[in-house]
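Have a look at the structure below before the remarks.
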Amino acid sequence: MQKNMEIKVTKEMLLERMGGSSNERIAQYLPEVISLGEYLVEPRTIYDIFTIDKINEEKVYLENGKVFHSEHLCKLLIGAERLVAMCCTIGSALERKVSTLNKEKDILMSYLLDIYGATAVGVLMRSLYQNIKKGYAGHGVTVYLEPGQLDWNIRDQVVLFQLVSPEKIGVSLNEGFVMKPVKTTTGVFGIGDVDKVKKGVFACEICPKRKTCTFRYKAEELLQDEI
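Under the working numbering, the first residue of the sequence shown is numbered 64, with each subsequent residue one higher.
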């Protein structure tokens, strides 16, 4: 478990998250949004590493008996010997503030702060991934995939929670597979022989909604820069 990891969200990231558009009023709000967001975030992360038993066309079997179901995940992990499962959250203080701002009818500030939170948890995930990856220089390391992306059913959140126990960092999962706090994300990636493991591409690069999505493919390029 890691706490108090630094999260750096820039004005450019927020603008990309909003589809790349801005106006004078929004521009005036952004410094305040960033300052408030930095004060409210409570970054916490947790991860663990597991041995992969076997991979077929649609299922990833771990040595401990847990199974993930996703054709895209299987393709990503080809050649990997170990799977890293991760969970990141920025806590609930920011979303409580967003709710308060909504009740006070400060809709724009509420919206922008919510955008900040969504961006911040993505940056946190990237930072955790990079920190883990640094410990495996000379190995083949894939990009990470999150439950709910591409064909990976969100139901597999249950398996991921069984693996890394996000409850330890204050994260819960309800019957609809929605995590609390809302600004939380999970994901997995593979590690193995450098000659057998291919990096792969992030989900946004091959998502069928890439061209119509308001922010993801551009925001992802910023968030995953230098990975």
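Note that beta-carbon positions come from the ideal geometry of N, C-alpha and C, so glycine has one too.
Nearest-angstrom Cα separation, counted from residue j out to residue i
i      : j      : result
ILE153 : ALA143 : 30 Å
LYS71  : TYR92  : 17 Å
PRO210 : VAL186 : 17 Å
LEU213 : GLN193 : 22 Å
SER173 : PHE131 : 36 Å
GLU101 : VAL206 : 27 Å
VAL96  : ASP116 : 46 Å
THR73  : LEU139 : 30 Å
ALA200 : ILE178 : 34 Å
ASN127 : PRO94  : 47 Å
MET76  : ILE118 : 36 Å
GLU105 : ALA183 : 10 Å
LEU99  : LYS160 : 10 Å
ARG189 : LYS262 : 15 Å
SER162 : ARG80  : 20 Å
PHE224 : GLU69  : 24 Å
SER155 : VAL123 : 32 Å
LEU171 : LEU103 : 18 Å
SER133 : ALA148 : 15 Å
LYS168 : VAL227 : 39 Å
Residue(s) in a DSSP beta bridge with residue i
i      : result
ILE254 : ARG145, VAL204
ASP111 : ALA148
MET188 : According to DSSP, MET188 bridges with nothing at all.
LYS117 : TYR124
MET242 : LEU236
THR249 : CYS150
PHE131 : VAL123
Integer Cβ distance of residue i from residue j, believed to fall under 8 Å
i      : j      : result
CYS150 : ILE254 : That pair is no contact at about 18 Å.
LEU208 : GLY250 : 6 Å
ASN237 : LYS246 : Wrong, their Cβ atoms sit about 15 Å apart, outside the cutoff.
ARG218 : PHE252 : That pair is no contact at about 20 Å.
Residue nearest to residue i in terms of C-alpha spacing, selected from the options
i      : options                        : result
LEU157 : ALA200, TYR110, ASN165, LEU176 : LEU176
ASP111 : VAL260, LYS262, PRO229, ASN237 : PRO229
LYS129 : GLY198, VAL222, LEU146, SER190 : VAL222
LYS259 : ASN86, GLY203, PHE252, ALA148  : GLY203
HIS135 : LEU226, THR248, GLN220, TRP215 : TRP215
ILE195 : ILE170, THR108, GLU167         : THR108
The ligand MG heavy atom lying under 7 Å from the CB of residue i
i      : result
LYS166 : Ligands are entirely absent from the displayed structure, and the ligand MG is therefore not among its contents.
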